[in-house]
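Chemist: In my numbering, the protein residues as written are 1371 to 1667.
There's a structure below that I have some questions on.
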């Protein structure tokens, strides 16, 4: 299967107003055309949206959208999923219009995480007009990354590696105390980091359950100053910082983590590692960060 990138995230929220303030005024993103009182579309580049926040009754991930090259690639993806016994639902016209794509299928990974595989998302050729002049790193690397809960981590890892064609970049051993919702009876849990492109990881698999169905998402900025300015905005807005500024050991990202309105976290970073998939060797990391990333709570 030829997945190219993490393309978008769809999130249901019980407090759309809070997300509107969070992503536009604090994260420095731009409201997309077609937003309504019940749906916020968010731009960070030339795509019509990279995020959809949909008003609802609870906070949860509605879908992680992964992009393929064209209609032929989407048809091949559907055939491979169905051959592997994965239920596939083809998007109807209303769904395609909502996502602004030309083709789409729905499925779930073994952890029950909802996925959409699509092609042909529309572009917005108007100026981005980011409120603070900040710019996000996207392009062929996709939106950024997302970390999803996967209590049966090994089975879910196989789904992404063997079926979706992601490359394992590295893993990290976690003690049971770090994964209170993980599979019982294990002395060690593993977290895995994967990608279908040169971004060190587009996907992380956390070996435990989490009610919103998402652990965090990451967006990458073009400058360290943009990260620092956002950190100041977080403090000014009284938003709890989940992890202080630090540099990760696996993707070399300098970032901080902040609590988001939906009961999960957002990572805001700079200088992430881009690898050559042809020469990469998977490794086990033994520390989350070289420095910083002091976690609260």
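We put the CB at the ideal spot given by N, CA and C, even for glycine.
Please report the residue range of the beta strand (DSSP E) in which residue 1656 lies.
Modeler: That residue, residue 1656, is in no beta strand (DSSP E); it is neither H nor E in DSSP.
Chemist: In whole angstroms, what is the alpha-carbon distance linking residue 1654 and residue 1533?
Modeler: 22 Å
Chemist: Could you tell me whether the region 1589-1607 touches the region 1535-1545, using the rule of 3 or more Cβ pairs below 8 Å?
Modeler: no
Chemist: Return the residue from the list 1521, 1405 and 1498 that minimises the CA-CA distance to residue 1470.
Modeler: 1405
Chemist: In the DSSP assignment, what are the bridge partners of residue 1576?
Modeler: 1519
Chemist: Could I get the ranges of all uninterrupted beta strand (DSSP E) runs contained in the region 1523-1596, with 3 residues as the minimum, in chain order?
Modeler: If we require 3 residues or more, the beta strand (DSSP E) runs fully inside the region 1523-1596 come out as 1537-1544, 1559-1565, 1573-1576 and 1586-1591.
Chemist: In whole angstroms, give me the CA-to-CA distance for residue 1652 and residue 1564.
Modeler: 10 Å
Chemist: Which runs of the beta strand (DSSP E) fall wholly inside the region 1397-1473 and span at least 3 residues, in chain order?
Modeler: Those beta strand (DSSP E) runs which fall completely within the region 1397-1473 and span 3+ residues are 1409-1413, 1421-1425 and 1430-1438.
Chemist: What are the residues that DSSP puts in a beta bridge with residue 1390?
Modeler: Partner(s): none; residue 1390 has no beta bridge.
Chemist: What did DSSP end up calling residue 1509 once you bin it into helix, strand or coil?
Modeler: In this structure, residue 1509 counts as helix in the three-state DSSP scheme.
Chemist: Tell me which residues share the same chain as residue 1589 and place their Cβ nearer than 6 Å to its Cβ, disregarding the 5 neighbours each side in the sequence.
Modeler: 1506 and 1514
Chemist: How is residue 1603 classed by DSSP in three states: helix, strand or coil?
Modeler: The answer is helix: DSSP assigns residue 1603 an H, G or I state.
Chemist: For the beta strand (DSSP E) holding residue 1611, just list the boundary residues, first then last.
Modeler: 1611-1618
Chemist: Return yes when the Cβ of residue 1371 is within less than 8 Å of the Cβ of residue 1433, no when it is not.
Modeler: no
Chemist: Between which two residues does the beta strand (DSSP E) holding residue 1626 run?
Modeler: 1624-1629 is the span of the beta strand (DSSP E), which, as asked, contains residue 1626.
Chemist: Beta strand (DSSP E) containing residue 1485: first to last residue?
Modeler: 1484-1489
Chemist: Give me the Cβ distance between residue 1374 and residue 1567, rounded to the nearest whole Å; I'm assuming they're in contact under 8 Å.
Modeler: 6 Å
Chemist: Go to residue 1640, then tell me how far its beta strand (DSSP E) extends in each direction, as first and last residue.
Modeler: 1635-1640
Chemist: Can you say whether residue 1421 is buried or exposed, counting buried as having 16 or more other CB atoms within 10 angstroms of its CB?
Modeler: Around the beta carbon of residue 1421, 16 or more other beta carbons sit within 10 angstroms, so the residue counts as buried.
Chemist: Quick one: what does DSSP say residue 1598 is sitting in, helix, strand or coil?
Modeler: helix
Chemist: Do residue 1530 and residue 1586 have their C-beta atoms closer together than 8 Å?
Modeler: no
Chemist: Output needed for residue 1429: all residues of its chain with C-beta closer than 7 Å, excluding positions within five of it in sequence on either side, in chain order.
Modeler: Sequence-distant Cβ neighbours of residue 1429 in its own chain, meaning closer than 7 Å and more than five residues away, are 1382, 1383, 1384, 1582, 1632 and 1633.
Chemist: Less than 8 Å between the CB atoms is what I'm expecting for residue 1671 and residue 1573, so what's the real figure, rounded?
Modeler: In the structure as shown, the chain starts at 1371 and stops at 1667, and residue 1671 therefore has no counterpart that could be examined.
Chemist: How is the beta strand (DSSP E) around residue 1383 delimited, first residue to last?
Modeler: 1373-1383
Chemist: Below 8 Å between beta carbons: does that hold for residue 1578 and residue 1550?
Modeler: Yes, these two residues count as a Cβ contact at 8 Å.
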